[in-house]
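Chains as they are written, first to last, in the working numbering: chain A, 1 to 489; chain B, 490 to 978. Only one structure is covered here, and it is reproduced in the block below.
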């Protein structure tokens with residue numbers, strides 16, 4: 001590798017690889033890629049390429065490697081932690097033209113897709129056969145399977161069905177050296193290191209997935225959804241514990257507090273029971289007999305925990321009505337606050353009541369409103385920290401509260417991200433969760449794949465230069481100002 | 490690192506770390522560790538240590554690293570691919586004295602155990618609370634959880650419940666540099682690289698697990714077991730396909746052919762229906778209503794595929810009677826053949842009928858008998874290749890047939906091992922399954938963890954020196970002569 005060159009000098013070679021229409025150099029066009037779902041950070045990419053084949057991706061990466069030019073992979077750009085933030089000194093490799101579903105193999109219960117395929121399109125292709133693809137991030141109508149692999153995306157139903165890592169059987173990847181490597185495949189077990197696990201969630205730092213074999217699940221015979229309204233969050237939290245302790249495994253358990261309900265009501269008139277201090281949405285899927293029996297059990301447990309109103313839905317329209325408030329909640333908060341930060345943290349389920357009480361205290365003490373909308377079943381919090389960005393210092397105070405919530409997660413044995421990833425947003429928080437030995441081990445892995453450090457640099461792992469620039473780690477939290485993209489969350 | 494020294498010179502320091510009774514130097518005692526379940530290979534370890542704490546393991550590894558002395562980790566020594574084969578120039582680190590169950594946390598549905606804890610003891614500790622640990626290798630009464638982690642062990646019920654990798658939430662490991670690193674934990678999702686996935690199944694080449702947090706599952710409300718007898722293997726194979734295609738997910742689907750049934754009958758009088766060319770054992774677990782409904786469906790599908798006799802069991806004694814023939818099958822083959830090789834390969838489930846037919850052809854053409862006992866549900870074959878070791882050349886001919894079966898697995902998109910691992914036994918077969926780029930990627934990972942190559946060297950990945958010594962890769966297959974250890978399989 002020679003000294004890094006300006007990525008602009010590679011344009012003729014990039015055009016030879018990807019074709020003229022596969023390389024974007026125009027500044028106005030490049031600017032449309034300046035951020036992903038984490039809009040606070042922005043940078044104009046040096047060059048943008050839109051390859052259509054694995055061979056093109058590998059050639060682009062080899063070219064970057066030969067000239068020491070960094071590259072950043074990007075799917076649909078819906079990520080919430082800035083994993084696809086471009087670099088002026090680098091090449092942005094966009095997979096949106098690799099959008100073919102190569103195979104739907106019902107006998108083997110899997111599909112093989114290119115990385116740019118939209119998440120929901122996998123289910124659409126499998127649905128006529130009675131199958132579906134389980135991971136369902138809220139952005140599933142627009143996010144790409146390749147991006148899901150990079151971020152190990154979850155969704156409301158990952159409580160029962162798991163994350164992307166639980167549904168990928170095989171990958172073809174282009175490593176940062178430009179080699180094409182197969183990981184896993186259709187057979188259930190492969191010898192050697194399970195690099196699929198390490199690759200999924202690696203946020204583009206170990207290379208680019210160019211072909212993805214995903215598991216398809218049989219569509220459940222029955223789905224039932226329960227909405228339960230409680231006087232307070234404590235009551236709802238007790239119901240969650242009781243459901244899990246009873247050995248029931250719903251596909252989703254979602255919780256909203258009074259402020260989130262108020263916002264959803266203002267935005268979409270979801271008509272949740274008035275006077276509720278918390279609502280729980282519990283969804284069950286599976287064989288009909290099973291679902292019906294468990295539904296009665298869940299309803300009884302909610303009543304015992306203090307629910308004052310229960311609603312049940314089993315047809316798609318009724319279910320959509322129950323979900324409407326929850327699905328619109330993030331965007332809805334825009335109705336009651338000019339700006340807000342979406343935090344993403346995890347606590348062990350057993351610590352939920354304690355952590356929720358501490359968040360309420362934090363909010364009361366600071367005078368900053370926090371709305372809670374979250375995946376209660378797996379302890380994945382998404383507190384919305386509200387502030388008025390026209391007031392000086394308000395964003396900083398909100399960032400402080402948001403950071404303190406992360407501290408609470410770590411203190412209780414949880415994690416700094418549940419499903420939004422680390423990206424640029426939380427790289428500086430990694431040392432709060434991991435020891436130097438832990439981080440060193442990750443850095444070895446990264447260097448093993450990417451000796452020259454050209455694959456999505458300065459994402460995921462803390463970079464001393466960047467984290468050191470700040471007076472304290474905590475001030476590195478940046479608010480995600482909800483803008484037009486809020487409906488994607 | 491200086492030039493490697495004789496491990497014997499480290500004995501005083503090893504005694505200072507592990508205590509006098511934690512270091513074995515006596516040749517007769519060392520010889521008891523000369524092989525694991527793969528008895529064909531044997532070597533006397535230079536020194537054996539039996540640490541009792543993580544700190545001792547880390548100090549032993551750091552001492553080895555400082556002197557360039559290789560180490561080999563060993564659990565209970567029941568592995569079937571020689572992963573724990575010792576080295577005369579190395580230290581054997583045996584975890585059998587690290588046998589404490591540190592925590593059973595029912596609220597968080599997990600247990601924290603030391604690596605030497607016996608697999609079945611985890612379930613014994615959880616059972617009073619109504620929970621169990623799902624991975625159940627046939628050796629579960631003697632094998633260790635640490636060994637299961639090293640080999641990513643499965644078992645008859647991994648069709649529904651998955652392998653060890655699906656049940657480990659967190660690990661404390663000692664890396665080959667002697668650092669103590671935490672991977673994962675009780676919270677559902679951690680940021681950064683998922684090194685748990687890479688570590689599990691790494692066969693001791695990335696370090697030693699010293700603390701393991703495993704997921705506990707709620708014991709199912711009901712378990713029912715069906716024995717179905719078919720005229721031929723084809724009929725049984727069709728039944729397997731029909732069950733899976735119907736969307737039923739039994740916890741186990743096991744299959745035995747006529748030769749395996751004959752052996753089991755001779756050994757334990759299992760009383761399977763006479764005249765059966767194949768038997769299928771299908772087990773269902775879950776909520777009672779669900780299990781009963783699915784049981785009827787499975788029974789109907791078996792009848793439609795040609796089953797001429799069905800037996801049903803739901804209490805533990807009846808179920809044990811059905812399982813008796815299957816569980817004794819490996820040892821039982823000793824009744825009908827003086828020696829045999831246990832092969833372990835995987836094919837996509839859809840390729841089962843074709844591959845079974847090809848194995849029958851192979852057997853007919855070579856005159857070598859092959860008994861089939863296998864995990865049909867996930868395509869994990871365990872062909873038993875029978876031979877008479879008193880006849881010259883018989884072992885070699887059997888090894889050839891056994892090797893040709895692996896070729897069939899690879900040809901059909903399968904794998905060279907389903908659950909027994911690579912170890913020394915199949916390292917030279919890795920290039921048949923992986924490209925040089927695939928293997929290079931694994932080697933990078935290994936080097937990232939173990940720059941000096943001291944962690945279980947010459948296992949898992951092909952070593953040019955060893956594989957090159959042989960005229961052809963295929964002659965590297967070594968028969969596992971079933972001896973007293975057969976009941977462990």
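Positions of the beta carbon are idealized from the N, C-alpha and C atoms, including for glycine. Note that the coordinates shown come from a computational prediction; the quantities given were computed from them, not determined experimentally.
State the Cα-Cα distance for the pair residue i and residue j, rounded to the nearest angstrom.
i	j	result
residue 523 of chain A	residue 40 of chain A	An answer regarding residue 523 of chain A cannot be provided, because it is not within the stretch 1 to 489 covered by chain A.
residue 459 of chain B	residue 577 of chain B	Past the boundaries of the shown model lies residue 459 of chain B; chain B is included only from 490 to 978, so the question cannot be answered.
residue 981 of chain B	residue 740 of chain B	Lying before the first or after the last residue shown, residue 981 of chain B is absent from chain B, which here runs from 490 to 978.
residue 754 of chain B	residue 763 of chain B	10 angstroms
residue 185 of chain A	residue 120 of chain A	22 angstroms
residue 929 of chain B	residue 795 of chain B	48 angstroms
residue 32 of chain A	residue 204 of chain A	20 angstroms
residue 502 of chain B	residue 444 of chain A	29 angstroms
residue 419 of chain A	residue 37 of chain A	13 angstroms
residue 536 of chain B	residue 73 of chain A	49 angstroms
residue 29 of chain A	residue 44 of chain A	10 angstroms
residue 792 of chain B	residue 728 of chain B	8 angstroms
residue 118 of chain A	residue 233 of chain A	36 angstroms
residue 658 of chain B	residue 704 of chain B	6 angstroms
residue 680 of chain B	residue 199 of chain A	12 angstroms
residue 137 of chain A	residue 375 of chain A	12 angstroms
Looking at C-alpha atoms only, which residue of the options is the closest neighbour of residue i?
i	options	result
residue 340 of chain A	A:393, A:399, A:286	A:399
residue 112 of chain A	A:211, A:203, A:56	A:211
residue 356 of chain A	A:329, A:237, A:396	A:237
residue 4 of chain A	A:454, A:180, A:192, A:445	A:454
residue 513 of chain B	B:635, B:583, B:567	B:583
residue 979 of chain B	B:558, B:709, B:524, B:655	Within the shown structure, residues of chain B are numbered from 490 to 978, placing residue 979 of chain B beyond reach of any answer.
residue 596 of chain B	A:459, A:358, A:153, A:350	A:350
residue 663 of chain B	B:915, B:698, B:575	B:698
residue 789 of chain B	B:808, B:835, B:732	B:732
Quick one: what's got a C-beta closer than 6 angstroms to residue i's C-beta in the same chain, skipping five residues either side?
i	result
residue 450 of chain A	176
residue 771 of chain B	715, 739, 742, 787
residue 343 of chain A	383, 402, 405
residue 902 of chain B	837
residue 564 of chain B	584, 633, 635, 636
residue 436 of chain A	none
residue 311 of chain A	227
residue 272 of chain A	261, 279, 325
How far does the alpha helix (DSSP H) with residue i in it extend, from its first residue to its last?
i	result
residue 447 of chain A	436–449
residue 553 of chain B	543–556
residue 781 of chain B	777–793
residue 917 of chain B	From DSSP, residue 917 of chain B is part of no alpha helix (DSSP H); its letter is neither H nor E.
residue 687 of chain B	684–688
Label residue i either buried or exposed according to how many other C-beta atoms from any shown protein chain fall within 10 Å of its C-beta, with 16 as the threshold for buried.
i	result
residue 959 of chain B	Model confidence at residue 959 of chain B stands at a pLDDT of 37, short of 50, so the residue's coordinates are unreliable; what they give is reported in the following sentence. Exposed, because fewer than 16 other Cβ atoms sit within 10 Å of the Cβ of residue 959 of chain B.
residue 388 of chain A	exposed
residue 556 of chain B	buried
residue 9 of chain A	exposed
residue 164 of chain A	buried
residue 129 of chain A	exposed
residue 77 of chain A	buried
Who are the near neighbours of residue i in its chain, counting only those whose CB is closer than 8 angstroms to its CB and skipping five residues on each side?
i	result
residue 97 of chain A	22, 50, 51, 52, 116
residue 397 of chain A	366, 368, 387
Please return the same chain residues whose Cβ sits closer than 7 angstroms to the Cβ of residue i, not counting the five positions on each side in sequence.
i	result
residue 329 of chain A	256, 260, 263, 264, 373
residue 545 of chain B	506, 507
residue 500 of chain B	512, 514, 536
Ends of the beta strand (DSSP E) at residue i?
i	result
residue 496 of chain A	Because residue 496 of chain A is not part of the residues shown, which for chain A are 1 to 489, the question remains open.
residue 327 of chain A	Where residue 327 of chain A is concerned, there is no enclosing beta strand (DSSP E), although the alpha helix (DSSP H) it sits in stretches over 316–336.
residue 222 of chain A	222–230
residue 372 of chain A	370–375
residue 101 of chain A	101–105
residue 725 of chain B	Per DSSP, residue 725 of chain B belongs to no beta strand (DSSP E); it is in the alpha helix (DSSP H), 722–734.
Tell me whether residue i, by its Cβ, gets closer than 7 angstroms to a heavy atom of the ligand ATP.
i	result
residue 767 of chain B	In terms of ligand content, the structure shown is empty, and the ligand ATP therefore cannot be addressed.
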